[in-house]
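Residue 1 is where the sequence shown starts when you use UniProt numbering, and the numbers rise one by one after that.
Quick reminder that beta carbons are idealized off the backbone N, C-alpha and C, glycines included.
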Amino acid sequence: MTHWSSSAPSAASTSPATTSDPSSWVESFAPKLTSAKLLEMKQQFTKDYTSEILSPNTMPSLRLISLAAHQESKKEYRWIPWKHRLTEERAADLQISRVSGVQRLLAVHDVALAMVGSAHLARLKAYSNKFVHLLSQRYDPSSGLRAPGILEAQQADCKLWQQIFALVSDKGGKLNGALYDFTEIRGEMASLLQARAKPLQISRWPDKGNKGKGLGKFLVDAWKGKPGASKGKSEGKDKGP
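What follows is the structure, given as structure tokens:
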């Protein structure tokens, strides 16, 4: 394995995390896999999962596969943020706006973990399928409920994987077993992805075209300090003789 130059003591290592080069890496903790090692993993994956086809649209990006491999080698599993779960084809362009986008992110993460030997692909897919099923629920508009948003879904995925890794670490089990528990037995996933209440919509005062006569006009005039807002219409009737 070779490390990126960011680990060397140079001015570049003290630069901000963001960079203008989308292909650069800012995480010094994830060593880049060599071409030979990556080829070996791809060959082993296609041998283990003969029905799976690796293409630029399904192959995890080098950044993702290197990060997953680093965690597997150290046996120090951490949740991988969605922004890193990219295929080769979309490594420089992350766009999530629909459930299908979330499904692609989960799928490429499944392949990455299966490729480095962390867990069996079928067990990873079972987790992702249930996650997407819960996320894609639709609710009648009259119910006042909505499905979780993208950010809420990402937070749920993060919490679930943290608990999965904790179970493996604390009890010395296998990742396959922990995934089975959280997919088939425990209820944390359903709880984290349950329906949310829609925000209340505040009705505005109706404007029927009676300019200057509505309450809204009165309040605006009062805020602006216009004389007419603080004086009644009967002002002229109170004049002296």
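Below 9 Å between beta carbons: does that hold for residue 113 and residue 66?
-> Along the sequence shown, one-based indexing puts residue 113 at 113. Along the sequence shown, one-based indexing puts residue 66 at 66. Result no, Cβ atoms of residue 113 and residue 66 do not sit closer than 9 Å.
Starting from the C-beta of residue 79, find all residues in its chain whose C-beta is less than 7 Å away, skip the five residues before and the five after it, and write them out in chain order.
-> On the sequence shown, position 79 is the one that residue 79 refers to. By the criterion of a C-beta distance shorter than 7 Å, residue 79 is surrounded in its chain by 158, 161 and 162, once the five residues flanking it on both sides are discounted.
Separation of residue 118 from residue 140, as counted between CA atoms | By 1-based counting over the sequence shown, the position of residue 140 is 140. By 1-based counting over the sequence shown, the position of residue 118 is 118. One C-alpha to the other measures close to 40 Å.
Rounded Cβ spacing between residue 145 and residue 195 (contact assumed at less than 8 Å) = Locating residue 145 in the sequence shown gives position 145, counting from the first residue. Locating residue 195 in the sequence shown gives position 195, counting from the first residue. Correct: roughly 4 Å between the Cβ atoms.
Let me know if residue 234 comes out buried or exposed under the rule of 16 or more other beta-carbons within 10 Å of its beta-carbon.
-> As a first step, residue 234 is located in the sequence shown; it is residue number 234 there, counting from the start. Summary for residue 234: the model assigns pLDDT 48, below 50, so the residue's position carries little reliability; its value from the coordinates is reported in the next sentence. Burial call: exposed.
In terms of residues, what are the limits of the alpha helix (DSSP H) holding residue 161?
-> Here residue 161 corresponds to residue number 161 of the sequence shown, with the count starting at 1. From DSSP, the alpha helix (DSSP H) with residue 161 extends over 150-171.
Of all the options 197, 179 and 131, which has the alpha carbon lying nearest to the alpha carbon of residue 244?
-> The question about residue 244 has no answer, for the chain in this structure spans 1 to 241.
Quick one: using the 10 Å Cβ neighbour count with 16 as the cut-off for buried, is residue 185 buried or exposed?
-> Within the sequence shown, numbered from 1, the residue matching residue 185 stands at position 185. The residue is exposed, with fewer than 16 neighbouring Cβ atoms inside 10 Å.
Pair within 9 Å by beta-carbon distance, residue 81 and residue 154 = For the purposes of this step, residue 81 is taken as the residue at position 81 of the sequence shown. For the purposes of this step, residue 154 is taken as the residue at position 154 of the sequence shown. Yes, these two residues count as a Cβ contact at 9 Å.
In whole angstroms, what is the alpha-carbon distance linking residue 104 and residue 35?
-> Residue mapping note: residue 104 aligns to position 104 of the sequence shown, counting from 1. Residue mapping note: residue 35 aligns to position 35 of the sequence shown, counting from 1. Rounded to the nearest angstrom, the two C-alpha atoms are 25 Å apart.
Nearest-angstrom Cα separation, counted from residue 88 out to residue 58 = Walking along the sequence shown from the start, residue 58 turns up at place 58. Walking along the sequence shown from the start, residue 88 turns up at place 88. If you take the alpha carbons of residue 58 and residue 88, they lie about 8 Å apart.
Taking only runs that begin and end inside the segment 70-137, name each unbroken beta strand (DSSP E) of 3 or more residues, in chain order.
-> none
Over what stretch of residues does the alpha helix (DSSP H) that includes residue 50 continue unbroken?
-> Within the sequence shown, the letter at position 50 stands for residue 50. That residue, residue 50, is in no alpha helix (DSSP H); it is neither H nor E in DSSP.
Answer yes or no: do residue 178 and residue 165 have a C-beta to C-beta separation smaller than 9 Å?
-> As a working note, residue 178 is residue 178 in the sequence shown. As a working note, residue 165 is residue 165 in the sequence shown. Yes, these two residues count as a Cβ contact at 9 Å.
Would you mind reading off the limits of the alpha helix (DSSP H) that contains residue 179?
-> As a working mapping, residue 179 is identified with position 179 in the sequence shown. Residue 179 -> alpha helix (DSSP H) spans 175-180.
If we count the other Cβ atoms within 10 Å of its Cβ and call it buried at 16 or more, is residue 48 buried or exposed?
-> Working through the sequence shown from its first residue, we reach residue 48 at position 48. Residue burial annotation: residue 48 is exposed, with fewer than 16 other C-beta atoms found within 10 angstroms of its C-beta.
Given residue 197, which residues of its chain have a CB within under 8 Å of its CB, disregarding the five upstream and five downstream residues?
-> Here the question's residue 197 lines up with position 197 in the sequence shown. The residues are 144, 145 and 146.
Within the same chain, show all residues whose beta-carbon is closer than 6 Å to that of residue 115, passing over the 5 residues directly before and after it, in chain order.
-> Position 115 of the sequence shown, counting from 1, holds the residue named residue 115. If we look at residue 115 and ignore the five residues flanking it on each side, its Cβ neighbours are 41 and 45.
Taking the continuous alpha helix (DSSP H) assigned at residue 191, which residues delimit it?
-> Working through the sequence shown from its first residue, we reach residue 191 at position 191. Looking at the DSSP string, the run of the alpha helix (DSSP H) that includes residue 191 is 188-192.
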